[in-house]
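When we follow the numbering used here, the leftmost residue of the sequence shown carries the number 9, and every step to the right adds one. By construction, the Cβ of each residue, glycine as well, lies at the ideal position given by its N, Cα and C atoms. Everything below concerns the one structure shown next.
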Amino acid sequence: MDIRQDSNVALFPSQQKYAHQTVLDRKEISAIMNVYGRMVAAGMWRDYAIEFAKNTAIFAAYRRASERPEYRIEKCPAMQARQGQWTLKGEQGQILKRGHDLSAVLAPLERKLIKLVD
């Protein structure tokens, strides 16, 4: 058995290949799913996908399942000391927002949910 140095959790042989992946913790998933749920309720999004790789964790939101993702929220810990580990990317791959705080990166999506009432 292999033991990760940053925790006291023993990994079984089947888990060892996933030991060095970038993942989203419970608070991060909760914040992202909160925005996702409200966007679904507003009729803007219908599907999502999550990808965990060695260097990044990506949450992609889709208008329809057959299209490219409308937005991608990426966590890249290697960028934490530079411009922040969080990135919000648009459909064409353009960087819309980057920062150290997830709530600040999700702010442009929050603004889309605000409706003006007469």
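Exercise. Is any heavy atom in the ligand COA found nearer than 7 Å to the beta carbon of alanine 69?
Worked result: Although the ligand COA was asked about, the structure shown includes no ligands whatsoever.
Problem set entry | Three-state secondary structure (DSSP) of leucine 32 | The answer is coil: DSSP assigns leucine 32 none of H, G, I, E or B.
Exercise. Between Thr30, Ala65 and Ala39, which lies nearest to serine 111 when the distance is taken from Cα to Cα?
Worked result: Of the candidates Thr30, Ala65 and Ala39, the one whose C-alpha sits nearest the C-alpha of serine 111 is Ala39.
Exercise. Since arginine 106 and glutamine 91 are thought to touch, with beta carbons under 8 Å apart, how far apart are those beta carbons, to the nearest angstrom?
Worked result: 5 Å between Cβ atoms; contact.
Exercise. If you follow the beta strand (DSSP E) that arginine 106 is part of, which residue opens it and which one closes it?
Worked result: 103-107 is the span of the beta strand (DSSP E), which, as asked, contains arginine 106.
Exercise. Excluding sequence positions up to five away, which residues of its chain have a Cβ less than 6 Å from the Cβ of isoleucine 58?
Worked result: Cβ neighbours of isoleucine 58 beyond the five flanking positions: Phe67.
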